[in-house]
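**Student:**
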Amino acid sequence: MTVRLSLLLVTDLAYPARGRRYGDEDVLLSSRLREHFDVALCHPLDAVALMDGYDVVLVRNSGPVLHYQEAYDAFRAHALRTGARVYNPLHGRGDMAGKQYLLDLTAEGHPVIPTADRAEGLAALPTAASYAVKPKAGADSEGLRFVAPDELPALDLRGDLLVQPRIDFRYEVSFYFVDDAFQYALHAPDPARRWDLAPYEATPADLAFAHRFIAWNTLTHGIQRVDACRTPTDDLLLVELEDLNPYLSLDLLPEPQRHAFLDALTESLHAFASESRWR
Numbered sequence: 055m056t057v058r059l060s061l062l063l064v065t066d067l068a069y070p071a072r073g074r075r076y077g078d079e080d081v082l083l084s085s086r087l088r089e090h091f092d093v094a095l096c097h098p099l100d101a102v103a104l105m106d107g108y109d110v111v112l113v114r115n116s117g118p119v120l121h122y123q124e125a126y127d128a129f130r131a132h133a134l135r136t137g138a139r140v141y142n143p144l145h146g147r148g149d150m151a152g153k154q155y156l157l158d159l160t161a162e163g164h165p166v167i168p169t170a171d172r173a174e175g176l177a178a179l180p181t182a183a184s185y186a187v188k189p190k191a192g193a194d195s196e197g198l199r200f201v202a203p204d205e206l207p208a209l210d211l212r213g214d215l216l217v218q219p220r221i222d223f224r225y226e227v228s229f230y231f232v233d234d235a236f237q238y239a240l241h242a243p244d245p246a247r248r249w250d251l252a253p254y255e256a257t258p259a260d261l262a263f264a265h266r267f268i269a270w271n272t273l274t275h276g277i278q279r280v281d282a283c284r285t286p287t288d289d290l291l292l293v294e295l296e297d298l299n300p301y302l303s304l305d306l307l308p309e310p311q312r313h314a315f316l317d318a319l320t321e322s323l324h325a326f327a328s329e330s331r332w333r
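When you read off a place in the sequence shown, starting at 1, and then add 54, the result is the number in our numbering.
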């Protein structure tokens, strides 16, 4: 008889996400995972109190960490101390670790929107009509503002803000992965409507672009979303590498594609739990 693993799905079903329905997605996800695991759902503020009783802790649509930073820090510390099997694993180098990766990728010459956080780095940014300024610890565009070039010298840059040239892009596109395996892509044809998404047929060049960031992140297991923008010259530039709790837009997928993604996730969770057990 196969022993069923228990899974704690950390989610905020009531979070008022703009253009997304967190609760609906995680209700769907939990109903499918229940076919393979004993599943319970909890709010991120309750995770530390409950997580020790489960084989795997799956962090899903739990909302921006900045809304419960102290609780999230306690969750991470508890998981690392106890060796809890948290999925995604907590050593991700993307959004899970903050926005430092945008600076690191810029310095390493990767195709990313050029980013600076210090006054001395501004000169290396491309010339633009305006610049995006946002908190390094921000999420969901909170604190985002745009400034003219002549306003840059007045910015208080001490490492807490990110500055990027405002990119004139044709559309945004997201590539979704389980582990290092590509699953599907969606794009927003209208740049002003980020979450009005449609299916996107990724080309080999697109996938090579996305895979370089998956490889850079070095997560052997986990759900990752590579967000990019298509420039007028047809290039792709990385916008974000989501590796903490990326929204999946599962409701937009055709049924066979949605099932394929959920099968891949289920297989990954089982493999992760089995490998982690022997560490």
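Glycine included, every Cβ here is placed at the ideal spot set by N, Cα and C.
Note that the coordinates shown come from a computational prediction; the quantities given were computed from them, not determined experimentally.
1) Would the beta-carbon of residue 298 fall within 8 Å of that of residue 142?
2) Give me the Cα-Cα distance between residue 329 and residue 189, rounded to the nearest whole angstrom.
3) Grab me the residues of residue 153's own chain with a C-beta within less than 7 Å of its C-beta, minus the 5 sequence neighbours each way, in chain order.
4) Can you find the residues in the same chain that come closer than 7 Å, C-beta to C-beta, to residue 294, ignoring five residues on each side of it along the sequence?
5) Sorted by chain position, which residues of the same chain lie with C-beta nearer than 8 Å to residue 130's C-beta, five sequence neighbours on each side aside?
6) Is residue 182 closer than 8 Å to residue 219 when the C-beta atoms are compared?
7) Report, in whole angstroms, the separation of the C-beta atoms of residue 61 and residue 113, which I expect to be a contact under 8 Å.
8) Does the beta-carbon distance from residue 81 to residue 111 come in below 8 Å?
9) Just checking my contact of residue 244 with residue 290 at CB under 8 Å: how many whole Å lie between their CB atoms?
10) Could you tell me whether the stretch 303-310 touches the stretch 160-172, where touching means 3 or more Cβ pairs closer than 8 Å?
11) Go ahead and pull the three-state DSSP assignment for residue 116.
12) Which of the three DSSP states, helix, strand or coil, is assigned to residue 228?
13) Looking at C-alpha atoms only, which residue of 186, 324, 238 and 203 is the closest neighbour of residue 254?
14) Are the CB atoms of residue 180 and residue 165 within a distance shorter than 8 Å?
15) By alpha-carbon positions, which one of 197, 79, 67 and 90 ends up nearest to residue 214?
16) Which residues share a DSSP beta bridge with residue 252?
**Tutor:** With the given structure in hand:
1) For the purposes of this step, residue 298 is taken as the residue at position 244 of the sequence shown. For the purposes of this step, residue 142 is taken as the residue at position 88 of the sequence shown. Judged by beta-carbon spacing, residue 142 lies within the 8 Å limit of residue 298, meaning their Cβ atoms are closer than that value.
2) As a position in the sequence shown, residue 329 is number 275, starting the count at 1. As a position in the sequence shown, residue 189 is number 135, starting the count at 1. Each residue's alpha carbon lies about 37 Å from the other.
3) Counted from its first residue, the sequence shown places residue 153 at position 99. Around residue 153: 190 and 216.
4) By 1-based counting over the sequence shown, the position of residue 294 is 240. Taken in chain order, the residues that qualify are 149 and 281.
5) Position 76 of the sequence shown, counted from the first residue, corresponds to residue 130. Correct list, in chain order: 144.
6) One-based indexing of the sequence shown puts residue 219 at position 165. One-based indexing of the sequence shown puts residue 182 at position 128. Contact flag set, yes.
7) Mapped onto the sequence shown, residue 61 falls at position 7. Mapped onto the sequence shown, residue 113 falls at position 59. So it is not a contact: roughly 11 Å between Cβ atoms.
8) Looking up residue 81 in the sequence shown gives position 27. Looking up residue 111 in the sequence shown gives position 57. Cβ atoms of residue 81 and residue 111: not closer than 8 Å.
9) For the purposes of this step, residue 244 is taken as residue 190 along the sequence shown, with counting starting at 1. For the purposes of this step, residue 290 is taken as residue 236 along the sequence shown, with counting starting at 1. With 8 Å as the limit, residue 244 and residue 290 do not qualify as a contact, their Cβ atoms being about 18 Å apart.
10) With the cut-off at 8 Å, the stretch 303-310 and the stretch 160-172 do not touch.
11) On the sequence shown, position 62 is the one that residue 116 refers to. Reduced to three states, the DSSP call for residue 116 is coil.
12) Numbered from its first residue, the sequence shown carries residue 228 at position 174. Residue 228 carries a strand assignment under DSSP once its states are collapsed to helix, strand and coil.
13) Along the sequence shown, one-based indexing puts residue 254 at 200. Ranked by how close their Cα comes to the Cα of residue 254, the residues 186, 324, 238 and 203 have 238 in first place.
14) If you number the sequence shown from 1, residue 165 lands on position 111. If you number the sequence shown from 1, residue 180 lands on position 126. For residue 165 and residue 180, no; Cβs fall outside 8 Å.
15) Taking the sequence shown and counting its residues from 1, the one referred to as residue 214 is at position 160. Out of 197, 79, 67 and 90, 197 has the C-alpha closest to the C-alpha of residue 214.
16) Locating residue 252 in the sequence shown gives position 198, where the first residue counts as 1. For residue 252, which the question treats as bridged, DSSP gives the partners 241.
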